[in-house]
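**Student:**
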Amino acid sequence: MVFSSLIFICGFFPVFFLMYFLLRSRRAKNILLFVFSVIFYAWGEVSYMWLLLFSIFINWLNAVFIDRAKSNNRPVSAKIILISGIVFNLLVIGIYKYADFFTDMLNQLFSLSLAHPNLPLPVGISFFTFQIMSYVIDVYRGDVKVQKNIFIVAVYLAAFPQLIAGPVVRYSTVEDELLTRTESLSEVKAGLSRFIIGLSKKVLIANTVAAVADVIFGSSDNPSQYGFFGVWIAVISYTLQIYYDFSGYSDMAIGMGKMMGFHYLENFDHPYSAVNLTDFWRRWHISLSSFFRDYVYIPMGGNRVSKQRWILNMLTVWTLTGLWHGAGINFVLWGFYYGVLLILEKFFWGGFIKNVPVLRKVYTLFAVMIGWVIFRIEDIRDISSIFAAMFGHYGFWGENLSAALIRSEAGVFFVVSVVAGIFFAGEAPKRIADWFRAKSTDLPFFSIIADTGSVCLLILCILELETGSYNPFIYFRF
Amino acid sequence: MKNKHVSAKEKIYIIIVFSILFGLAVSAPVIRILENSGIIQPVDIGNAAEPARDYSGSFAAPLLTRFEYFRVTAENIYLNYLPFYSDTVFLYSEIKLSLNEPVIDFLRSVNSAQQDEHIPDTDESELTDEVYISSIPEKTVLDSDIASVTSKYLSQNNTHRFYSVQVTFDDGSTAEFLDTALAHDINTLEIKMKSQLEEINRIIRATPENVNFYFYMASRFQDTELFELCVPDEASTRELRESFLDSLDSRAKVSYFHIDSIHDRMKKMFLSDHHWNGYGAYTGYRDIIEWMREDSPEIAGIYDIGEPFNFEKSRFYGSYARQSKYTKCWDDFIVYDYDLPRHYSSPSYDFDEYVEWMDAGSYHSPSDNLYGMFYPKIYRVDYSGNETGRNLLILGDSFTQGFAQLIASGFDTTIIYYYGNYYGLDYKKVIEDNSITDVLFFQFSDRIMFDTYNDDRLNEIKTDDIE
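Protein chains in written order, with the working numbering: chain A, 310 to 787; chain B, 1048 to 1514.
Here it is, written out as structure tokens:
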């Protein structure tokens, strides 16, 4: 099940929240949340529910044993248990997500003929595995108290708002709220509003621009048919698609969490307004980049090591970041690309571009878009021809571009989505929203406009969902 | 829940949003319950949830199976029973199409400038019957030459891309029909074709030696080279069809429904639907019976085409119009009254009663499937007076619905299985129990060649393992 589906919007969501608000006790609410979360997960593939439940059990046990070992002053045992827990989690994700990829690598490197295991990918495995690992590591570090009630750990991990596509929620963020949160009408309202914004981002913008990106990138082996203009339309479309798809999903998760009294941290902060790549990664998928910073980069020494070691740390972390995104060489390349650029930015041009406002934003956006091309293309052999098209090698308007745009219904709705997407990706809307909020206290008329707009967006999204059949969700494979 | 300092506006907002969502949440199952009770008859939307996964043999199979049943039921309810779903979808689509039109028209003009204009050959139809052509009221026979053909892309779904084809005749008059191209890439089509061939050849080889096996494919326009002339952006699937038919087991006699010209396309098929129309069904019947009589002359002879009847108060928006949500192209619904000998069918079917019933109504909604309404599924037809000694088994689909009694008129008994009820079909037993002498495997090309909708229904026909 995905948030942007009729069954979720018209069935699951209202039924769940009605029951949630009718219940009084915290315990009952948590039970309801857990049951519905299991139903939510099982909806996509019921047999993988066992994997989720097993993961909860093993990691809960792991954390309890770590805590016991530490209490009994056995730090070595605690460390061994931690390592075994990490290995278990990495094995789970390694087998289900990367087995085919590693098999391919081994076959190519050593001229073997190993068969692919072809295991289907459990939805959200990258998210919930990292989330539960963060809990276990935080227990080991003493950053959070161990939770001996397995049910609370289960609610923490399986809560449907963040289960299959993040944010990667730290246990410390919700530790108290799991047991003592309160709901309020003002937060329900704010959460509902946020949810609708997220839904609109996904359905109205991401899905619309995705149609164009998919048609053009679908023939990435022959970009000459689309030319410079066509490929750049696809790149801009994909740049918008990935942001609105993922940030939309995060908004929906944060909104629903707020309705229940959870305060998940922000996952995106206008990343396309970043002034350099370092800044970009402080604004994009914040929960994942902070995970890698806190649990991989800093334990490796971070930047408090020699220059050579620091470079190695950076390349390792970013390659792993790329690999997390997908079991494909293009994802590894994408991560490595950022590692290299961040190093170069640090040592070479970072200081220079900092002082040139327009140039720094153009440079950042350009670098990010090039990165998205690497991310999007599944066959890396096509990358060079795509780049050639991007730099005008195949002419301006390819012979099949019009047909492709017609096929992807690139009409007025597409143009509006692109314009709106570009506008709302910047920081201007935030300033407008702040101005609105300030005005609302003096002139309630402004808040009525905002609320009316929100309801209209909801209706429009429902109309789109009813009408459309095109509803891919980029991060679903993670 | 705390609600201190919550303004009235915030409360109203929450009430409105939850009213919308809860209204939808409740109304869909209520409509379903009312339909089950026979109190209302909502429009059949036809959306399909992802089929139930099979967990037999796995851990906690009963629990998982029950959950799957619940999932499919819930998804079907929210995909098919939301209030005003059909009207909302078509209205919204029309609005979107209209708003998108300026940009799409610009792109089309750029595209046309890059393509040659194609003028197809004129018609050389063998049949000279006067044919009433729906939606071209000033014409009773398509005899004018075609001056030009253009096409415009409408929309697409997971399986097809939809096009409107505009035909301009020499005398300046115009006509329009809808058609589709398969959305899958060539590699996927070839993989699916291979799988389908394995299943069909399994069935052919399981057929007893004394039984004739006829494979007749109901063609799509895309299976002809003409398609590329009309829709230059798409490739014809003719070569795939040739390859498919050549790969069938040699025991089968093979043929297909011919669409030899654009006139044919408009004469024999609905303008807005994938099915053949009444005239096309008649030409198909003649084709098949003449073909079968080459082996078995005792099969009863061919009847003349019947009297046409046009349901003038109704419009038929066919499957292409429905799926593309393009309501500017529709068909008159015309049926033919044949002078057939006395026969019995199961379920019973009286042509005159159906005409009277449908003519009493006025059907104008895109969701009214007139073809399915007028031609229900008939599972058995008996012409006991024929005494041909030939009994026919049809493994068919909705195309068979359009001519069941007509094709059965060549035989003593005709048994029909539609792809929707292949489950549990014991092929050899059916042949034996009904003394079948001839098997006609007759289905629409995209389904039978590529299993376009991933039904995997051929798998449900049980045969003994034949190597």
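Cβ atoms here follow ideal geometry from the backbone N, Cα and C, with glycine treated the same way. In this text, all values refer to a predicted model and were calculated from it rather than measured experimentally.
1) Please name the residue, chosen from ILE1142/B, PRO1089/B, GLU1115/B and LYS1058/B, that lies closest to PHE722/A on a Cα-to-Cα basis.
2) CA-CA distance, TYR1373/B and SER1145/B?
3) Check for me: the beta strand (DSSP E) holding ARG479/A runs from which residue to which?
4) Using the beta-carbon count (16 or more within 10 Å), is CYS765/A buried or exposed?
5) Cα separation between PHE439/A and ALA474/A?
6) Does the segment 654-672 of chain A come within contact of the segment 626-642 of chain A, defined as at least 3 CB pairs closer than 8 Å?
7) Measuring only the C-alpha atoms, how far is PRO1255/B from ILE365/A?
8) Go through its chain and collect everything with a Cβ distance to TRP1377/B's Cβ below 7 Å, but skip five positions before and after it.
9) State the beta-bridge partners of ARG1427/B as determined by DSSP.
10) I'd like to know if THR489/A contacts chain B, where contact means its C-beta is closer than 8 Å to some C-beta of that chain.
11) What does LYS498/A touch in chain B if you count any residue whose Cβ is under 7 Å from its own?
12) In this structure, what does DSSP give as the bridge partners for ARG1208/B?
13) Write down the C-beta distance between LEU513/A and SER726/A rounded to the nearest angstrom, noting that I regard them as a contact closer than 8 Å.
14) Considering ILE1441/B, what are the terminal residues of the alpha helix (DSSP H) in which it resides?
15) Can you tell me which of PHE705/A, GLY644/A and VAL385/A puts its alpha carbon nearest to the alpha carbon of PHE684/A?
16) Applying a beta-carbon distance threshold of less than 7 Å, which residues of chain B neighbour GLU718/A?
17) Closer than 8 Å, CB to CB, is VAL1157/B near chain A or not?
18) Taking only the alpha-carbon atoms, compute the straight-line gap between SER1409/B and GLY1085/B and give it to the nearest angstrom.
19) Looking at TYR535/A: is its Cβ nearer than 8 Å to the Cβ of GLN471/A?
20) Considering SER1302/B, what are the terminal residues of the alpha helix (DSSP H) in which it resides?
21) With distances taken Cα to Cα, identify the nearest neighbour of ASP1511/B among ASP1218/B, ASN1083/B, ILE1250/B and ALA1055/B.
22) For TYR1426/B, which option in ARG1100/B, THR1435/B and LEU1439/B has the closest C-alpha, if you only look at C-alpha atoms?
23) In this structure, does DSSP put LYS1375/B in helix, strand or coil?
24) Assuming SER1492/B contacts ALA1265/B (C-beta within less than 8 Å), just tell me the rounded distance between them.
25) Are the Cβ atoms of ILE1478/B and THR1461/B separated by less than 8 Å?
26) Relative to the C-alpha of TYR1418/B, which residue among GLU1341/B, ALA1194/B, SER1431/B and ASN1324/B is closest?
27) Rounded to whole angstroms, what is the Cα-Cα separation between GLU255/A and PRO532/A?
28) When you measure from the CB of ILE1425/B to every non-hydrogen atom of the ligand ATP, does any distance come out below 7 Å?
29) Using a beta-carbon distance below 8 Å, is GLU1115/B in contact with chain A?
30) Mind listing which residues of the segment 1266-1290 of chain B have their C-beta closer than 8 Å to chain A's C-betas, in chain order?
31) What runs of the alpha helix (DSSP H), each 4 residues or longer, lie entirely inside the segment 702-762 of chain A?
32) Show which residues of chain B have a CB atom less than 8 Å away from the CB atom of PRO323/A.
33) Please classify TYR1132/B as buried or exposed, where buried requires at least 16 neighbouring CB atoms within 10 angstroms.
34) Taking 8 Å as the limit between beta carbons, can you name the residues of its chain near TYR1102/B, skipping five residues before and five after?
35) Helix, strand or coil: how does DSSP classify TYR1363/B here?
36) Which value, in whole angstroms, describes the spacing of the CA atoms of MET1271/B and ASP1307/B?
**Tutor:** Here's the rundown:
1) ILE1142/B
2) 11 Å
3) Segment: none, ARG479/A is in no beta strand (DSSP E) and carries neither H nor E.
4) So CYS765/A counts as exposed.
5) 11 Å
6) no
7) 57 Å
8) SER1182, SER1319, ARG1362, PHE1363, TYR1364 and ALA1368
9) SER1393/B and ILE1462/B
10) no
11) GLU1057, TYR1060 and ILE1061
12) GLN1203/B and ALA1228/B
13) 7 Å
14) That residue, ILE1441/B, is in no alpha helix (DSSP H); its beta strand (DSSP E) goes 1438-1443.
15) GLY644/A
16) The CB of GLU718/A comes closer than 7 Å to the CB of ASN1147 and SER1202 in chain B, given here in chain order.
17) Chain A places a beta carbon closer than 8 Å to that of VAL1157/B, counting this residue as a contact.
18) 21 Å
19) no
20) First-last for SER1302/B: 1300-1303, but that is the beta strand (DSSP E), not the alpha helix (DSSP H).
21) ILE1250/B
22) LEU1439/B
23) coil
24) 6 Å
25) no
26) ASN1324/B
27) Since the first residue of chain A shown is 310 and the last is 787, residue 255/A is not available in this structure.
28) This structure simply doesn't include the ligand ATP, nor any ligand for that matter.
29) GLU1115/B counts as touching chain A.
30) Listed in chain order, the positions of the segment 1266-1290 of chain B with a beta carbon within less than 8 Å of a beta carbon of chain A are ASP1280.
31) 710-716, 721-734 and 737-751
32) PHE1065, LEU1068, PHE1069, LEU1071 and ALA1072
33) buried
34) ALA1108, LEU1111, THR1112 and GLU1115
35) The sequence given here has Phe at residue 1363/B, not Tyr. Reduced to three states, the DSSP call for PHE1363/B is strand.
36) Position check: residue 1271/B holds Thr in this sequence, whereas Met was assumed. C-alpha separation (whole angstroms): 8 Å.
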